[in-house]
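Written below as structure tokens is the structure these notes are about.
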Amino acid sequence: MTSPTASSEFDFVTENGPRRPLPALRTCLLHALWWLVVFFGVARALSSVLPLPADAWTTPKLQLFEQHKDEYDIVFLGSSQIYRHVDPAVLDPLLAAAGYPLRSFNFGVSGMDALETRYVLEQVIAMKPARLRWLVTDFQRMGILLTGDNHRTPRVTSWHDLGSTLLALRLVLESDMGPAWEWDLGLRHLLAFCYRLGNLGVLRQDLIPLVQGTAESRASTERSWFMGGPGGYGEAENGFVSLDEAYTTASGYERKLLRERNDKWKAVATALTERVRSDPRRPRPILSYSGEPRAVQELSPLEREVILDVTRLCRDAGYDLVFINAPDVRQREYLLDEAQRAGLLTVLLDLDDPLRYPELFDPALRFDDLHLRAKGAELYTRLLATLFIEHLAQQAQAEATRPAGAPAPGVEPGGR
Amino acid sequence: MIFTEFRFVLFFLVVFGVYWALRTDRTRKLWLLGTSYVFYGASDWRFLTLLAASTLLDYVVGVRLQGCTDPRRRKGWLYCSLVGNLGMLGFFKYFNFFTASFVSTANWLGLDIPPRVFDIVLPVGISFYTFQTLSYSIDVYRRRMACERSLLDLALFVAFFPQLVAGPIVRAIDFLPQLKSLRQLSKVDVRGCLVLFLIGFFKKAVISDGIAPFVEDYYGHYTDFGVASAYLGVPLYAVQLYCDFSAYSDMAIACAGLLGYNLCANFNFPYFAPSIMAFWTRWHISLSFWLRDYLFNPLGGWRGSNPRVWFNVVVTWLLAGLWHGADWRFVIFGGMMGPALILQRHWRSSRWRRRIPIPPLVGNILTMWWICLALVFFRAESIDSALGICRPFVLFQAPGDPPGTALLGDRLVWLLVGLTALHWVSYKELLAGWWERLGPWGFTTVYATASACVLTLVNATSSPFIYFQF
Numbered sequence: 001m002t003s004p005t006a007s008s009e010f011d012f013v014t015e016n017g018p019r020r021p022l023p024a025l026r027t028c029l030l031h032a033l034w035w036l037v038v039f040f041g042v043a044r045a046l047s048s049v050l051p052l053p054a055d056a057w058t059t060p061k062l063q064l065f066e067q068h069k070d071e072y073d074i075v076f077l078g079s080s081q082i083y084r085h086v087d088p089a090v091l092d093p094l095l096a097a098a099g100y101p102l103r104s105f106n107f108g109v110s111g112m113d114a115l116e117t118r119y120v121l122e123q124v125i126a127m128k129p130a131r132l133r134w135l136v137t138d139f140q141r142m143g144i145l146l147t148g149d150n151h152r153t154p155r156v157t158s159w160h161d162l163g164s165t166l167l168a169l170r171l172v173l174e175s176d177m178g179p180a181w182e183w184d185l186g187l188r189h190l191l192a193f194c195y196r197l198g199n200l201g202v203l204r205q206d207l208i209p210l211v212q213g214t215a216e217s218r219a220s221t222e223r224s225w226f227m228g229g230p231g232g233y234g235e236a237e238n239g240f241v242s243l244d245e246a247y248t249t250a251s252g253y254e255r256k257l258l259r260e261r262n263d264k265w266k267a268v269a270t271a272l273t274e275r276v277r278s279d280p281r282r283p284r285p286i287l288s289y290s291g292e293p294r295a296v297q298e299l300s301p302l303e304r305e306v307i308l309d310v311t312r313l314c315r316d317a318g319y320d321l322v323f324i325n326a327p328d329v330r331q332r333e334y335l336l337d338e339a340q341r342a343g344l345l346t347v348l349l350d351l352d353d354p355l356r357y358p359e360l361f362d363p364a365l366r367f368d369d370l371h372l373r374a375k376g377a378e379l380y381t382r383l384l385a386t387l388f389i390e391h392l393a394q395q396a397q398a399e400a401t402r403p404a405g406a407p408a409p410g411v412e413p414g415g416r
Numbered sequence: 417m418i419f420t421e422f423r424f425v426l427f428f429l430v431v432f433g434v435y436w437a438l439r440t441d442r443t444r445k446l447w448l449l450g451t452s453y454v455f456y457g458a459s460d461w462r463f464l465t466l467l468a469a470s471t472l473l474d475y476v477v478g479v480r481l482q483g484c485t486d487p488r489r490r491k492g493w494l495y496c497s498l499v500g501n502l503g504m505l506g507f508f509k510y511f512n513f514f515t516a517s518f519v520s521t522a523n524w525l526g527l528d529i530p531p532r533v534f535d536i537v538l539p540v541g542i543s544f545y546t547f548q549t550l551s552y553s554i555d556v557y558r559r560r561m562a563c564e565r566s567l568l569d570l571a572l573f574v575a576f577f578p579q580l581v582a583g584p585i586v587r588a589i590d591f592l593p594q595l596k597s598l599r600q601l602s603k604v605d606v607r608g609c610l611v612l613f614l615i616g617f618f619k620k621a622v623i624s625d626g627i628a629p630f631v632e633d634y635y636g637h638y639t640d641f642g643v644a645s646a647y648l649g650v651p652l653y654a655v656q657l658y659c660d661f662s663a664y665s666d667m668a669i670a671c672a673g674l675l676g677y678n679l680c681a682n683f684n685f686p687y688f689a690p691s692i693m694a695f696w697t698r699w700h701i702s703l704s705f706w707l708r709d710y711l712f713n714p715l716g717g718w719r720g721s722n723p724r725v726w727f728n729v730v731v732t733w734l735l736a737g738l739w740h741g742a743d744w745r746f747v748i749f750g751g752m753m754g755p756a757l758i759l760q761r762h763w764r765s766s767r768w769r770r771r772i773p774i775p776p777l778v779g780n781i782l783t784m785w786w787i788c789l790a791l792v793f794f795r796a797e798s799i800d801s802a803l804g805i806c807r808p809f810v811l812f813q814a815p816g817d818p819p820g821t822a823l824l825g826d827r828l829v830w831l832l833v834g835l836t837a838l839h840w841v842s843y844k845e846l847l848a849g850w851w852e853r854l855g856p857w858g859f860t861t862v863y864a865t866a867s868a869c870v871l872t873l874v875n876a877t878s879s880p881f882i883y884f885q886f
């Protein structure tokens, strides 16, 4: 007896039907292997004609840069501390006034950690921009942490090529997070790599605008308030969008949260400013990433290797790599601080110093612990211009004093 | 764990490989039961106790019912199962709903009762497995089947992971006999299962998830849009829901098939149904037939006076709506089906039917229009917004002040036409069984190529199936 819902349409198991000849296990394995070969062969063929997974943050900037790649002399690359602080519209005239008629592009993207920066840097170098001479970057963290569904986002997928994935896996194994975390993180990086290898969703990004037609693009958006306009590269198309400008696109609820955040960090900035006034010693390193006090850390061998690798990459391509340290009211230790102590950095423009640059820690200019408001960003860019001009002058002096035929400076710094 | 996730594919490969490598029936069933519990526990391990409790309850009730001849005691045991299973469902799914409804009614009557909402998490799939276990107890009570003496078999029937969280609602009478014989891979249509799984994957990950942002946009900002967009946004949700839910059923049936078990069909091209009645024999078939056999027919079905029949129909569909979710929107959704079915029933037996013959296409369009309208209540955030969305759909008046004029997407209509054409090709079986004509290596090659191509179209961040919330 059966129920009326029992159907023969999907009866994939024939109870009384003839047995099919079952292939040998070896044949099954060969089929599985053949499936993998064809699958990855087709995926590889597709990837040669299809674009990489596009995200709303990095891809538009990469596309804009590619269109104008031969117009820029300096590219600022890194996290939101580059994105929200370095304004080429302020910087370029200052450099020109000092006798350096250079043009810069802000390739900062919110949340771009060292591993992603390294990948994007490779993309920029591969474009062979004709005029490019300086690459300026903030290497904050290695960025191996992938939480939630992050590993599936086009942005994370896009930078998981073989090199970056292997590097991420090595960093995960090297970390002391415990086997469970390491396993989970390692799997996430591997999955992101597989998604990239399988061209996950690369055609979908083209289909949505196709069916949407000329209607206002709302469905395809994955932007949020902090994008600050289409593409996230600003009205001047130089890559810079201040936080004040981005704030105007935030919803009422987001604004409420941002105001609360702003109030909290203004208080911390005030406390720091008062502390610096009363005790004129540099108050660092005092806190870890999580805000807890911690001992001074040393770079791991792998982190050292990554920094040296990036330096070498730029040098081989003929570019100068300049590191930059942005002001943080928590005065936390980041990768560059450790690298600086280890003597790995050729040039570090350090603006994270409340003794030398107290104005950058002024609560009125702060947006939060890591970011400055529009006026603060302008001030930051001016101070950065001063440091950069000094660097250019030193560089010019070094080149002038260098004997003819001698190799250019840039011998691998630090070393083990 | 979602069927479209990479980790499910890995999970299933392990389950499949070990399952067929095991030699005895018992070890295989133990393996399936263990992995089913792992599958269910992956969402929230705490609810495994509910699953086990429901299984144990119905096991005991089944055995007691079998051995008991006293009608009153038998009824008592049946009530045990009904109270136990529906009690769990009622507490986890409907407690807050009924409390809130009671409080708001009391406040409306002038009684001052403070609102109280408890933080109750809805166990995934509770509506599905509760109905499964109930069908077992009722069938044993009705002596339509013998009780299951093997706790392992009954536990596997309840927890079998392919259909555990979103159906089809399998009847014990169909599934338990399959557990009595050693399954043989040589009797499985592996190709058919693989093709059905890929089709399901395509429907969910490409079509349903692809349409979702447009639907979300429309339902989230309906006041911005004009009348034309209502006729895009509302049908698009119908497409999204069908592709989502039927995809789950397809993949569940395919996974079960690969493990040697048949599950019942759950969908049969419902959007080509010429009437509401036909629609419900094609949409979520396992639920419709469950309601018919265990609720509507016991109430009296189509027998009796008109008011009695109307009562039976309306009550059945109100409860069907409530089964979907603890919200008045779902009650309205179900409530819209009852009158439509009654009207159709009377139309069929009226003399007007011969005088005004309705072509099947017109019947299909009218059915779709009514279903789309009902689905507005299914999808909208609140009854107010549902009514706002119904306005352009029924009265051709743009909502909003000033009336919205935005267009959801000027080429979306072609997407709808394309999907309808694809569905029609499938309905007419124009491409059915083509893979059977391929040789083994040809099939593997085509399947791998198709898999690689489908992946380029999927939404990277796969969303849970809509019916998971029920």
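Residue numbers (my numbering), protein chains in the order written: chain F, 1 to 416; chain H, 417 to 886.
Glycine residues also receive a C-beta, built at the ideal position from the N, C-alpha and C atoms.
A direct Cα-to-Cα measurement between Ile781 (chain H) and Ser452 (chain H) gives close to 41 Å.
Under DSSP, Ser645 (chain H) takes part in no beta bridge, so it has no partner.
Below the 7 Å Cβ cutoff, chain H contributes Lys603 as neighbours of Thr14 (chain F), in chain order. CA-CA distance, Pro154 (chain F) to Asp55 (chain F), rounds to 5 Å.
Taken in chain order, the unbroken stretches of alpha helix (DSSP H) that lie wholly in the segment 781 to 843 of chain H and span 4 residues or more are 799 to 811, 828 to 843.
Remark: C-beta atoms of Gln123 (chain F) and Leu64 (chain F) do not approach each other more closely than 8 Å. Taking a cut-off of 8 Å on C-beta distances, the segment 603 to 616 of chain H does not touch the segment 631 to 639 of chain H, as fewer than three cross pairs fall below it.
Residue contact with chain F for Val874 (chain H): present (Cβ-Cβ distance below 8 Å to some residue of chain F).
In this structure, Pro539 (chain H) sits near Leu466 (chain H), with a CB-CB distance shorter than 8 Å. Only buried fits Asp569 (chain H), as 16 or more other CB atoms lie within 10 angstroms of its CB. Measuring C-alpha to C-alpha distances from Val477 (chain H) to each of H:Ser721, H:Cys788, H:Asn501 identifies H:Asn501 as the nearest. Unbroken alpha helix (DSSP H) runs of no fewer than 4 residues, entirely contained in the segment 284 to 369 of chain F, are found at 301 to 317, 335 to 341, following chain order.
Judged by beta-carbon spacing, Val268 (chain F) lies within the 8 Å limit of Asp369 (chain F), meaning their Cβ atoms are closer than that value. When Cβ-Cβ separations below 8 Å define contact, Ala43 (chain F) makes contact with chain H. Chain F has a Cβ within less than 8 Å of the Cβ of Gly673 (chain H). CA-CA distance, Glu116 (chain F) to Arg275 (chain F), rounds to 36 Å.
Secondary structure at Thr165 (chain F): helix, using DSSP grouped into helix, strand and coil. Inclusion of Leu824 (chain H) and Leu648 (chain H) in the CB contact set at 8 Å is warranted, their separation being smaller than that value. Per the coordinates, the alpha-carbon of Asn325 (chain F) lies some 6 Å from the alpha-carbon of Asp138 (chain F). Not flagged as an interface residue toward chain H: Phe193 (chain F), since no C-beta distance is shorter than 8 Å. Exposed is the label assigned to Thr27 (chain F), since fewer than 16 other Cβ atoms lie within 10 Å of its Cβ. Close CB contacts of Asp70 (chain F) within its chain, under the 7 Å cut and outside five residues either way in sequence, are with Pro129, Ala130, Arg131 (chain order).
Boundaries of the alpha helix (DSSP H) harbouring Asn512 (chain H): 511 to 524, taken from the DSSP string. Within its own chain, the residues whose Cβ lies closer than 6 Å to the Cβ of Pro690 (chain H), once the five positions on either side in sequence are excluded, are Pro776, Gly779, Asn780, listed in chain order. Around the beta-carbon of Arg767 (chain H), fewer than 16 other beta-carbon atoms lie within 10 Å, marking it exposed. Secondary structure of Gly108 (chain F) (DSSP, three-state): strand. Under the three-pair Cβ rule at 8 Å, the segment 103 to 111 of chain F does not count as touching the segment 295 to 315 of chain F. Within 10 angstroms of the beta-carbon of Ile536 (chain H) lie fewer than 16 other beta-carbons, which makes it exposed. The beta carbons of Leu707 (chain H) and Thr732 (chain H) sit closer together than 8 Å. With a cutoff of 8 Å on beta-carbon distance, Cys788 (chain H) and Pro651 (chain H) are scored as near each other. Taking Leu835 (chain H) as the centre and dropping the five residues before and after it, the same chain places the C-beta of Ile623, Val655 closer than 8 Å to its C-beta, in chain order.
Nearest to Ala668 (chain H) by alpha-carbon distance, out of H:Phe577, H:Trp830, H:Ala588, H:Val431, is H:Phe577. In the DSSP assignment, Val136 (chain F) falls within the unbroken beta strand (DSSP E) covering 134 to 137. Note on geometry: alpha-carbon atoms of Ala98 (chain F) and Ile389 (chain F) lie some 7 Å from one another. Ranked by Cα distance from Asn678 (chain H), the first of H:Gln594, H:Val643, H:Ala694, H:Gly717 is H:Gln594.
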